[in-house]
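Numbering (our numbering), first residue to last: 61 to 367.
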Ligand SMILES: Cc1cc2nc3c(=O)[nH]c(=O)nc-3n(C[C@H](O)[C@H](O)[C@H](O)COP(=O)(O)OP(=O)(O)OC[C@H]3O[C@@H](n4cnc5c(N)ncnc54)[C@H](O)[C@@H]3O)c2cc1C
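This is the structure:
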């Protein structure tokens, strides 16, 4: 008997931090393994496509169409203490919540997560990072749902081949269910101070109150293997304030694009294209999107990602 609620023709507009207009044919929020299995039984029986959505903070949802089912991990939201330093954390747990939990226990290593609106699952896929630290540094192992076998398997940290804002996991084949994190003991006051500092750095330098997807482009790697700030390049090109429809390149941070109304993915892509073109023509730099796309995009739009 089915217990999982399956919604149809679902409005996704509020499920991404960019707030683009988007809908999916089907939508589910499984809260445990049985419900995840149920979702995939439905997908297989009906032979439909699917996509996994975490906190939607690094995603451009298509306003054209998102065929098939969206599996949202918001309800896989548990933190289980294993011992004094290790925790099993559900994929849907938001990074600031994990940071707060770990800080409460006087453990260090999660301070960088403060203020990042992503989920642990999305953070692992993207190998999210800030202030010189990355997700990979505190992960011992991950429980991954294999969509072929409909069972959990355990991946080690090395299995992910983590690199700058990327990992080996393919969300079309495997879904992160939970991860085991290890944190080192520290001094509560020092940890708190770091968290506060990270928070205020973010609110000063980023348009945290606007609808954005965080950094639009990855920091490009120059021939000497150094990464340069995409935001600085965009600022130097004088592109802050550049507009397309309801989207504008943030005046506060060049790599953030703000949705000031009801922008569509088509408009967002058009603005990304203008920025990419300027950076290439004036600086010879090909900016590659950090934001991921989900759903239907035109061939020209896919070109922005180099697909
Ligand atoms: C204001 C703001 C500030 C930000 N600051 C930072 C920052 O400092 N550093 C940084 O790295 N990022 C930053 N981001 C971007 C974003 O928060 C991170 O990339 C985050 O890791 C994305 O997680 P998510 O849950 O939102 O993923 P989503 O956007 O929902 O999804 C991203 C990708 O991961 C896949 N995915 C999500 N969950 C799972 C899962 N459980 N299993 C398999 N695949 C999954 C999706 O299919 C998609 O391909 C910021 C964003 C905003 C809006």
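All C-beta atoms in this analysis are idealised placements derived from N, C-alpha and C, irrespective of residue type, glycine included. All figures in this text were calculated on a predicted structure; none of them were measured in a lab.
Quiz prompt | Test item: CB-CB of residue 255 and residue 171 under 7 Å | solution = Here residue 255 corresponds to residue number 195 of the chain shown, with the count starting at 1. Here residue 171 corresponds to residue number 111 of the chain shown, with the count starting at 1. It is a contact, given that the beta carbons lie within the stated cut-off.
Quiz item: Counting Cβ pairs, one atom from each stretch, are 3 or more of them under 8 Å apart for the region 184-195 and the region 139-146?
Solution: no
Quiz item: Is the beta carbon of residue 205 less than 7 Å from the beta carbon of residue 235?
Solution: The residue labelled residue 205 in the question sits at position 145 within the chain shown. The residue labelled residue 235 in the question sits at position 175 within the chain shown. Yes, these two residues count as a Cβ contact at 7 Å.
Quiz prompt | Whole-angstrom distance between residue 337 and residue 364, CA atom to CA atom | solution = The count along the chain shown starts at 1 and reaches residue 364 at position 304. The count along the chain shown starts at 1 and reaches residue 337 at position 277. Each residue's alpha carbon lies about 10 Å from the other.
Self-check item: Contact belief for residue 155 with residue 169 at Cβ below 8 Å, rounded distance in angstroms
Solution: Translated into positions along the chain shown, residue 155 becomes position 95. Translated into positions along the chain shown, residue 169 becomes position 109. Actually they do not touch by this definition, with Cβ atoms about 12 Å apart.
Quiz prompt | Complete alpha helix (DSSP H) runs within the region 263-328 (minimum length 4 residues, chain order) | solution = Qualifying alpha helix (DSSP H) stretches, in chain order: 290-296.
Quiz item: For residue 219, does the three-state DSSP call read helix, strand or coil?
Solution: Within the chain shown, residue 219 is the residue found at index 159, counting from 1. Looking at residue 219 - three-state DSSP - the assignment turns out to be helix.
Quiz item: Can you name the residues that DSSP bridges to residue 354?
Solution: Within the chain shown, numbered from 1, the residue matching residue 354 stands at position 294. In the DSSP output, where bridge partners are listed per residue, residue 354 has 121.
Practice problem: Assign residue 225 to one of three DSSP states: helix, strand, or coil. | Solution: In the chain shown, counting from the first residue as 1, residue 225 sits at position 165. Three-state result, residue 225: coil.
Exercise. Keeping to the same chain, check which residues put their C-beta closer than 6 Å to that of residue 87; ignore five residues upstream and five downstream.
Key: Taking the first residue of the chain shown as 1, we reach residue 87 at position 27. Closer than 6 Å at the Cβ level, and outside the excluded window around residue 87, lie 67, 70 and 130.
Exercise. Just confirm the distance between the C-beta atoms of residue 99 and residue 121, as a whole number of angstroms; I'd bet it's less than 8 Å.
Key: Walking along the chain shown from the start, residue 99 turns up at place 39. Walking along the chain shown from the start, residue 121 turns up at place 61. 19 Å between Cβ atoms; not a contact.
Self-check item: Cβ-Cβ distance between residue 318 and residue 272 below 7 Å
Solution: Against the chain shown, residue 318 aligns to sequence position 258. Against the chain shown, residue 272 aligns to sequence position 212. Result yes, Cβ atoms of residue 318 and residue 272 sit closer than 7 Å.
Quiz prompt | Span separating the alpha-carbon of residue 89 from that of residue 348 | solution = Mapped onto the chain shown, residue 89 falls at position 29. Mapped onto the chain shown, residue 348 falls at position 288. Distance between the alpha carbons of residue 89 and residue 348 is about 31 Å.
Quiz item: Which residue's Cα is closest to the Cα of residue 128: 366, 296 and 354?
Solution: Within the chain shown, residue 128 is the residue found at index 68, counting from 1. The option with the nearest alpha carbon to residue 128 is 354.
Practice problem: Thinking residue 233 and residue 207 are a contact (beta carbons under 8 Å), I'd like their distance in whole angstroms, please. | Solution: Translated into the one-based positions of the chain shown, residue 233 becomes position 173. Translated into the one-based positions of the chain shown, residue 207 becomes position 147. Between residue 207 and residue 233 the Cβ distance is about 6 Å, and since that is below 8 Å, they are a contact.
Self-check item: Where the beta strand (DSSP E) containing residue 206 begins and where it ends
Solution: The residue labelled residue 206 in the question sits at position 146 within the chain shown. From DSSP, the beta strand (DSSP E) with residue 206 extends over 199-206.
Quiz item: Three-state secondary structure (DSSP) at residue 194?
Solution: For this step, residue 194 is matched to residue 134 along the chain shown. It is a strand residue.
Exercise. Can you give me the Cβ contacts of residue 262 inside the same chain, cut-off strictly under 7 Å, excluding the 5 residues immediately before and after it?
Key: Indexing the chain shown from 1 puts residue 262 at position 202. Result list for residue 262: 175 and 268, in chain order.
Exercise. Please confirm whether residue 305 and residue 291 have their CB atoms less than 7 Å apart.
Key: Within the chain shown, the letter at position 245 stands for residue 305. Within the chain shown, the letter at position 231 stands for residue 291. No, the Cβ-Cβ distance between residue 305 and residue 291 is not below 7 Å.
Quiz item: Which residue's Cα is closest to the Cα of residue 151: 287, 257 and 202?
Solution: What you label residue 151 is simply residue 91 of the chain shown in a count that begins at 1. Looking at the Cα atoms, 202 is the closest of the given residues.
Quiz item: Cα-Cα, which of 182, 227, 82 and 117 is closest to residue 149?
Solution: In the chain shown, counting from the first residue as 1, residue 149 sits at position 89. Taking residue 149 as reference, the option from 182, 227, 82 and 117 with the minimal CA-CA separation is 182.
Exercise. Kindly examine ligand 1 and report whether one of its heavy atoms sits closer than 6 Å to the Cβ of residue 192.
Key: Within the chain shown, the letter at position 132 stands for residue 192. No, the Cβ of residue 192 stays beyond 6 Å of every heavy atom of ligand 1.
Self-check item: Proximity of residue 243 and residue 198 at Cβ, strictly below 7 Å
Solution: Sequence index remark: in the chain shown, residue 243 carries index 183 (1-based). Sequence index remark: in the chain shown, residue 198 carries index 138 (1-based). Closer than 7 Å, so yes.
Quiz prompt | residue 76 and residue 135 closer than 7 Å at C-beta | solution = Here residue 76 refers to the residue found at position 16 of the chain shown. Here residue 135 refers to the residue found at position 75 of the chain shown. Not closer than 7 Å, so no.
Quiz item: Apart from the five residues just before and just after residue 342, which ones in its own chain have a Cβ nearer than 8 Å to its Cβ?
Solution: Translated into the one-based positions of the chain shown, residue 342 becomes position 282. Counting only Cβ-Cβ distances below 8 Å, and skipping sequence neighbours, we find 297.
Quiz item: Any heavy atom of ligand 1 closer than 6 Å to the Cβ of residue 108?
Solution: Looking up residue 108 in the chain shown gives position 48. Result no, Cβ not under 6 Å from ligand 1.
Quiz item: Do you know how far the Cα of residue 300 is from the Cα of residue 294?
Solution: Locating residue 294 in the chain shown gives position 234, where the first residue counts as 1. Locating residue 300 in the chain shown gives position 240, where the first residue counts as 1. The straight-line gap from Cα to Cα measures roughly 7 Å.
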